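Protein chains in written order, with my numbering: chain A, 4 to 98; chain B, 4 to 98.
Just so it is clear, CB atoms sit at the ideal spot from N, CA and C, and this is done for glycine as well.
In this text the structure is predicted, and so the values were computed from the model without any measurement.
What follows is a set of notes on a single structure, which appears directly below.
There are 2 protein chains.
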Amino acid sequence: MVGDVYKALADPTRRAILDELQDRSGQTLFELCVRLTDKGFTSTRQAISQHLAVLAEAGLVVLRRQGRYTFIDLDTSPLQQIYQRWRVGPCESDT
Amino acid sequence: MVGDVYKALADPTRRAILDELQDRSGQTLFELCVRLTDKGFTSTRQAISQHLAVLAEAGLVVLRRQGRYTFIDLDTSPLQQIYQRWRVGPCESDT
DNA sequence: TTGACATGCAAGTATCTGCTTGCCTATTGT
DNA sequence: ACAATAGGCAAGCAGATACTTGCATGTCAA
Chain A
4 MVGDVYKALA DPTRRAILDE LQDRSGQTLF ELCVRLTDKG FTSTRQAISQ HLAVLAEAGL
64 VVLRRQGRYT FIDLDTSPLQ QIYQRWRVGP CESDT
Chain B
4 MVGDVYKALA DPTRRAILDE LQDRSGQTLF ELCVRLTDKG FTSTRQAISQ HLAVLAEAGL
64 VVLRRQGRYT FIDLDTSPLQ QIYQRWRVGP CESDT
């Protein structure tokens with residue numbers, strides 16, 4: 004069920020979607036499309052929709068249909084597995 | 004110069020390489036190949052070498068040629084940018 | 001009910017990616 | 001010097017991936 008989180012992050016548009024949702028979770032698909040367009044992304048609604056499917060597969064996003072809208076919620080918890088896999092030595096970095 | 008860190012992580016074999024290096028940094032390519040084979044990976048030397056090029060592009064690995072050996076060092080610092088981009092609420096996770 | 005709106009679904013296409021194959025270079029030991 | 005070792009380089013191929021296009025579905029307002 005948890006389709007590869009890493010592959011989900013591999014696409015710049017998908018990362019922009021996560022950024023956008025972190026800024027404002029619970030947007031509708033339409034709203035998200037507008038905002039991404041404003042930010043310079045040229046993706047069509049269908050493209051975004053497909054990206055969302057990938058993100059949802061990875062558990063990074065939760066799609067909740069309500070009436071004729073699909074609300075999109077961010078869920079960063081799948082990222083924990085990445086954060087825990089490779090430790091970044093915070094002490095040995097500088098100086 | 005910093006080729007996409009995210010794309011570098013997108014491949015399972017490359018992640019296994021990072022795991023292996025975290026376990027023991029400074030291996031030679033040959034050594035790494037043997038160890039990956041032992042762990043069930045079927046990649047050839049050339050394949051591994053190409054993966055290393057991608058990882059090096061992303062800065063996750065440093066290749067240091069010495070004599071006829073190429074030593075491979077892990078560098079996890081590029082991962083920080085990921086860890087800082089999306090915050091995982093550590094408090095709201097359990098209970 | 002009817003039309004506009006928000007979205008889903010699916011096939012086709014072009015590019016990217018990982019891998020193989022085959023050969024070349026450089027270093028070390030005898 | 002010569003052979004074995006460790007690795008590099010590059011072209012070709014097959015599968016994956018992102019995107020487009022066209023149409024279908026479902027919901028809300030008038």
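* Out of B:Pro-81, B:Gln-69, B:Arg-88, point me to the one whose CA is closest to Leu-58 of chain B's CA. => Minimum Cα distance to Leu-58 of chain B is reached at B:Pro-81.
* Could you round the C-beta distance between Tyr-46 of chain A and Asp-76 of chain A to whole angstroms and report it? I think they count as a contact, below 8 Å. => Checking the displayed sequence, the identity of residue 46 of chain A turns out to be Ser instead of Tyr. Their Cβ separation, rounded to whole angstroms, is 20 Å, which puts Ser-46 of chain A and Asp-76 of chain A out of contact at 8 Å.
* **Beta-bridge pairing of Val-64 of chain B - partner residues as DSSP gives them** => Beta-bridge pairing links Val-64 of chain B to B:Leu-77.
* Check distances from the C-beta atoms of the region 57-81 of chain B to those of chain A and list, in chain order, the residues that come in under 7 Å. => Those residues of the region 57-81 of chain B that come within reach of chain A (Cβ to Cβ, closer than 7 Å) are Thr-79, Ser-80.
* Inter-residue spacing [alpha-carbon to alpha-carbon] between Thr-79 of chain A and Lys-42 of chain A -> If I take the Cα positions, the gap works out to 22 Å.
* Could you check the C-alpha separation between Leu-35 of chain A and Val-5 of chain B for me, to the nearest Å? => So the two alpha carbons sit approximately 29 Å from each other.
* **Of the listed residues A:Ala-13, A:Tyr-9, A:Ile-20, A:Lys-10, nearest to Val-64 of chain A (C-alpha basis)** => If we check each option's Cα against that of Val-64 of chain A, A:Ile-20 comes out closest.
* Using the beta-carbon count (16 or more within 10 Å), is Val-37 of chain A buried or exposed? -> Counting the other Cβ atoms within 10 Å of the Cβ of Val-37 of chain A gives fewer than 16, which makes it exposed.
* Asp-97 of chain B versus Trp-89 of chain A - alpha carbon distance -> Its pLDDT being 45, under 50, Asp-97 of chain B is placed unreliably in this model, and the coordinates cannot settle the point.
* Please report how far the alpha carbon of Asp-7 of chain A lies from the alpha carbon of Ala-61 of chain A, in whole angstroms. => Rounded to the nearest angstrom, the gap between the Cα atoms of Asp-7 of chain A and Ala-61 of chain A is 6 Å.
* To do: Would you kindly check if the distance between the Cβ of Leu-39 of chain B and the Cβ of Leu-55 of chain B is under 8 Å?
  => Against a cut-off of 8 Å, the Cβ pair of Leu-39 of chain B and Leu-55 of chain B comes out as no contact.
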